[in-house]
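>
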Amino acid sequence: MRHNANKGCHTCKIDKGSWSAHNQDIITTLRYYHITDKEISKISHESVVSRRNQLYTEYGLRLSSSILDKLK
Numbered sequence: 001m002r003h004n005a006n007k008g009c010h011t012c013k014i015d016k017g018s019w020s021a022h023n024q025d026i027i028t029t030l031r032y033y034h035i036t037d038k039e040i041s042k043i044s045h046e047s048v049v050s051r052r053n054q055l056y057t058e059y060g061l062r063l064s065s066s067i068l069d070k071l072k
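Last residue of the sequence shown? That's 72 in the UniProt record's numbering, and every number before it is there in order.
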């Protein structure tokens, strides 16, 4: 599963149609690590594979980690 094309980038959750809006609430649309960690935890506790895939899509996450995640 690739990055969700409807979202702007990996660091925010702004919908494609709202990229140029000047009244964006940046605090609620940025992707913070603690929120992403909660989403990943929720996905990992899901036992049904189709539901896990649905959550990945809903949260705009990928099934496999990026190669850049291995750089530390």
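Note that beta-carbon positions come from the ideal geometry of N, C-alpha and C, so glycine has one too. All values reported here derive from a predicted model rather than from experimental measurement.
(1) Let me know if HIS34 comes out buried or exposed under the rule of 16 or more other beta-carbons within 10 Å of its beta-carbon.
(2) With a threshold of 16 other CB atoms inside 10 Å of the CB of TYR59, please say whether the residue is buried or exposed.
(3) Compute the distance between the beta-carbons of TYR56 and ILE43, then report whether it is under 9 Å.
(4) Ordered along the chain, which non-local residues of its own chain (more than five positions away) have a Cβ less than 7 Å from that of LEU68?
(5) Taking the C-alpha atoms as reference points, what is the distance between SER65 and LEU71?
Checking against the coordinates, here is how it stands:
(1) exposed
(2) buried
(3) yes
(4) none
(5) 11 Å
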